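These notes concern the structure reproduced below.
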């Protein structure tokens, strides 16, 4: 079993839709959670990071962590064609410990 | 602000040839630096990380090596490339003592033929 599981997609939605991207994990020691956006042939860009359980909102993006279920989500409201990218979840125990990445979900927002 | 550079952006090399990829970070000092390889459908594989000049830890001891000759410079090398070394190589840094967020460079796409 992988430490972090992420549905690879692709996920196709119409412009303006609400998108839900999810990851599950098995290591209960993970405390810090991140979401990256990666455009084709580019390096991943850090979108959001959260500590422990709860929600964090930044513009159209909301990150949600449920440590009891070992489940994290990224919601995108009013999705735009420019949101079309691969989204990677990532998590770590903390400090300079190794960061474990999901394999990414490819999202396509259709105009 | 901090920026991270990688070069070359793309590289096509024959099997058995040497490799040298370079990563430099600007706007910060004493960063932790990381080399990852990203293969299609396989996510990010950590290859090496460094907490300081001359300090390298290897996660995947293959035919690749890494060096950190200067505080903000990280180099990935190979003496003889294999076909399986093809992939997208990414350098990343973590800036502050309490930080855990990693910031990535633009990447180098390596094709071994």
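Protein chains in written order, with the working numbering: chain G, 1367 to 1477; chain H, 1009 to 1121. Note that beta-carbon positions come from the ideal geometry of N, C-alpha and C, so glycine has one too. Everything numeric in this text was worked out from a predicted model, so none of it was measured.
Would you mind giving the Cβ-Cβ distance between residue i and residue j, rounded to the nearest angstrom? I have them listed as a contact below 8 Å.
i	j	result
residue 1020 of chain H	residue 1119 of chain H	5 Å
residue 1083 of chain H	residue 1028 of chain H	6 Å
residue 1030 of chain H	residue 1081 of chain H	7 Å
residue 1045 of chain H	residue 1097 of chain H	6 Å
residue 1385 of chain G	residue 1445 of chain G	5 Å
residue 1458 of chain G	residue 1398 of chain G	5 Å
Starting from residue i and walking both ways along the beta strand (DSSP E), at which residues does that stretch end?
i	result
residue 1460 of chain G	It is not in any beta strand (DSSP E) - residue 1460 of chain G carries neither H nor E in the DSSP assignment.
residue 1380 of chain G	1377-1380
residue 1074 of chain H	1072-1078
residue 1063 of chain H	1063-1066
residue 1056 of chain H	1051-1060
residue 1475 of chain G	1471-1476
residue 1023 of chain H	Run containing residue 1023 of chain H: none; DSSP gives neither H nor E here.
residue 1384 of chain G	Here residue 1384 of chain G belongs to no beta strand (DSSP E), and DSSP marks it neither H nor E.
Which residues of chain G have a Cβ atom closer than 9 Å to the Cβ of residue i, listed in chain order?
i	result
residue 1050 of chain H	1469
Can you pull the chain H residues whose beta carbon is under 9 Å from the beta carbon of residue i, in chain order?
i	result
residue 1415 of chain G	1108 and 1109
Cβ of residue i less than 8 Å from any chain H Cβ?
i	result
residue 1398 of chain G	yes
residue 1375 of chain G	no
residue 1458 of chain G	yes
residue 1412 of chain G	yes
Between residue i and chain G, is the shortest Cβ-Cβ distance under 8 Å, so that the two count as touching?
i	result
residue 1016 of chain H	no
residue 1114 of chain H	yes
residue 1076 of chain H	no
residue 1045 of chain H	no
residue 1080 of chain H	no
Using a C-beta to C-beta distance shorter than 7 Å, which residues of chain G count as neighbours of residue i?
i	result
residue 1098 of chain H	1409
residue 1054 of chain H	1464
Name, in chain order, the residues that DSSP records as bridge partners for residue i.
i	result
residue 1424 of chain G	G:1427
residue 1117 of chain H	H:1018 and H:1096
residue 1012 of chain H	H:1033
residue 1432 of chain G	G:1437
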